[in-house]
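What follows is one structure encoded as structure tokens, with my remarks underneath.
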Amino acid sequence: MTGRPRVLVTRPLPAGTTDPLVAPDGPGPPCEIVQRTDDEPFEQAGLVAALGEGFDGVVCLLTERVDAAVLAAGKGRLRVVANVAVGFDNIDVDAATAAGVVVCNTPGILDETTADLAFLLVLAAARRTSEAEAALRAGRWTGFHIDEFLGRDVHGATLGLVGYGRIGRAVARRAQGFAMEVIHHTRTPTGEPGWVGDLHELLGRSDIVSLHVPLTPATRYLIGPAELATMKPTAVLVNTARGPIVDEEALAEALETGGIAAAGLDVFEAEPVVHPRLLAAPGAVLLPHIGSASVATRTAMARLASSSARAVLAGEIPRNALNPEAASSSLSRD
Ligand code: NAP
Ligand code: GLV
Numbered sequence: 005m006t007g008r009p010r011v012l013v014t015r016p017l018p019a020g021t022t023d024p025l026v027a028p029d030g031p032g033p034p035c036e037i038v039q040r041t042d043d044e045p046f047e048q049a050g051l052v053a054a055l056g057e058g059f060d061g062v063v064c065l066l067t068e069r070v071d072a073a074v075l076a077a078g079k080g081r082l083r084v085v086a087n088v089a090v091g092f093d094n095i096d097v098d099a100a101t102a103a104g105v106v107v108c109n110t111p112g113i114l115d116e117t118t119a120d121l122a123f124l125l126v127l128a129a130a131r132r133t134s135e136a137e138a139a140l141r142a143g144r145w146t147g148f149h150i151d152e153f154l155g156r157d158v159h160g161a162t163l164g165l166v167g168y169g170r171i172g173r174a175v176a177r178r179a180q181g182f183a184m185e186v187i188h189h190t191r192t193p194t195g196e197p198g199w200v201g202d203l204h205e206l207l208g209r210s211d212i213v214s215l216h217v218p219l220t221p222a223t224r225y226l227i228g229p230a231e232l233a234t235m236k237p238t239a240v241l242v243n244t245a246r247g248p249i250v251d252e253e254a255l256a257e258a259l260e261t262g263g264i265a266a267a268g269l270d271v272f273e274a275e276p277v278v279h280p281r282l283l284a285a286p287g288a289v290l291l292p293h294i295g296s297a298s299v300a301t302r303t304a305m306a307r308l309a310s311s312s313a314r315a316v317l318a319g320e321i322p323r324n325a326l327n328p329e330a331a332s333s334s335l336s337r338d
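In my numbering, each number is its position in the sequence shown, counted from 1, plus 4.
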């Protein structure tokens, strides 16, 4: 490659977080940044057209769908896509590998922040705090009543974690402080106390279920009518993973009919659209995908994506490369 690598940044990022792309001390030559100023998802047609103008790298958000058509528009010049997110279901990694494009994500640096929010949803859903605050703000609070807004105790409850990777484990650490019994389900036995190989068994034993699996073909609708029917009628479901892991129609039905007691959701099937039945469902606490949304964490994520893109363009393979094997075909173009 000759000249400065061109990097497309698909949406505005926190101040200073693209600095690693242009730092004079490397690695490799400073990049030319083309910064899109529109803070809306970059639709496929726009991304295809932009990549047709010739880019070596893309720094994008989870709102951008980087599929085979987008990668094809990179026309053999594109070498890296760095996602400002740990989840990478918005990127066709197999197509990227075939195209010699290295894909990077942001693992590890958002675990504690996301686990904080998952635990917030556990507490809020179990203790009905959104409902109680809404009543107060609407002037419907007439004073202390012995039987008003009664929720379920979180301390001492059984917490079932579906997915026990970085974030699931961070949630488990918080649960220890609440004297909870923690059990977990993964495909591969963890060899640790509390592993439950059968998802339905975990769902049936848990007072609170929190989802921490990636969105893959195997986890799409992992929680559907049969799984919800397995849960206790007093149970709480928390989803900070990805919306399509839960069948929202079935969840709304379960909340409406008392199949489960409450749900805390940070993610939705068709963001930013929220299923109208969930908006109206009793016991639903709904947040707009803010799991990693602290100033420090979002800043660290964007910086990591920028520095990862720069590293790949300089011929390095960062630890957070999801398909390092793509680098060999990418480098052979130089
Ligand atoms: P991770 O470290 O890769 O952990 C994933 C866990 O899921 C592993 O324990 C894995 O174990 C398990 N798993 C994968 N497929 C499974 C399946 N089919 N059935 C059961 N378990 C399965 O991931 P992480 O960093 O904790 O992140 C998890 C997800 O959280 C991300 O992918 C992202 O979508 C989401 N997230 C959301 C926010 C937010 O803002 N709301 C923030 C950060 C992350 P096995 O492979 O052994 O099954
Ligand atoms: C956020 O949802 C992420 O995957 O980082």
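C-beta atoms are modelled at their ideal positions from N, C-alpha and C, and glycine is treated no differently.
In terms of residue numbering, what span does the beta strand (DSSP E) encompassing residue i cover?
i	result
Val289	Ala288 to Leu290
Arg10	Arg10 to Val13
Ser214	Ile212 to Leu215
Leu241	Val240 to Asn243
Ala86	Val84 to Asn87
Val26	Element bounds for Val26: not the beta strand (DSSP E) but the alpha helix (DSSP H), Asp23 to Val26.
Glu320	Per DSSP, Glu320 belongs to no beta strand (DSSP E) and is neither H nor E.
Val107	Val106 to Cys108
Could you check the C-alpha separation between residue i and residue j for me, to the nearest Å?
i	j	result
Val186	Leu163	5 Å
Pro45	Val52	13 Å
Ile294	Leu121	8 Å
Asp157	His149	18 Å
Leu283	Arg314	42 Å
His188	Arg173	9 Å
Trp145	Ala139	6 Å
Pro18	Thr110	15 Å
Thr152	Ile249	Note that residue 152 is Glu in the sequence shown, not Thr. So the two alpha carbons sit approximately 33 Å from each other.
Ala102	Ala330	7 Å
Leu317	Thr22	14 Å
Ser210	Asn94	31 Å
Pro276	Pro292	8 Å
Ala239	Gly143	29 Å
Ala222	Ile171	19 Å
Leu124	Arg83	39 Å
Ile37	Gly160	52 Å
Ser134	Pro24	41 Å
Gln39	Ala72	23 Å
Val126	Val166	14 Å
Asp328	Glu320	The sequence given here has Pro at residue 328, not Asp. Looking at the two C-alpha atoms, the distance is approximately 10 Å.
Asn324	Lys236	39 Å
His204	Gly247	20 Å
Gly169	Asn243	15 Å
Mapping DSSP to helix, strand and coil, what is residue i?
i	result
Glu44	coil
Ile150	coil
Thr162	strand
Gly32	coil
Ile264	coil
Gly61	strand
Glu273	coil
Val52	helix
Glu137	helix
Glu185	strand
Ala222	coil
Ile249	helix
Ala19	coil
First and last residue of the alpha helix (DSSP H) that includes residue i?
i	result
Ile171	Arg170 to Gln180
Asp233	At residue 233 the sequence reads Ala, which differs from the Asp that was named. Counting along the chain, the alpha helix (DSSP H) containing Ala233 begins and ends at Pro229 to Thr234.
Leu203	Leu203 to Arg209
Ala129	Asp115 to Arg131
Leu283	Pro280 to Ala284
Val97	Val97 to Ala102
Val340	Residue 340 is absent from the structure shown; the chain starts at 5 and stops at 338.
Val74	Ala72 to Ala77
For residue i, decide whether its Cβ has a neighbour in chain C, counting only Cβ atoms nearer than 9 Å.
i	result
Leu55	The displayed structure is made up of one protein chain only, and chain C is not part of it.
Flag this pair as touching only if the region 5-15 and the region 46-66 have three or more C-beta atom pairs under 8 Å; answer yes or no.
yes
Are the region 296-306 and the region 104-118 touching, with three or more C-beta to C-beta distances below 8 Å?
yes
Do the region 72-79 and the region 307-323 meet, that is, are 3 or more Cβ pairs less than 8 Å apart?
no
Test item, CB below 5 Å from any non-hydrogen atom of the ligand GLV:
Ala89, Val90 and Gly91
contact_flag[the region 82-100, the region 258-266] where n(CB pairs < 8 Å) is 3 or more
no
Counting Cβ pairs closer than 8 Å, one from the region 194-201 and one from the region 212-224, do we hit at least three?
no
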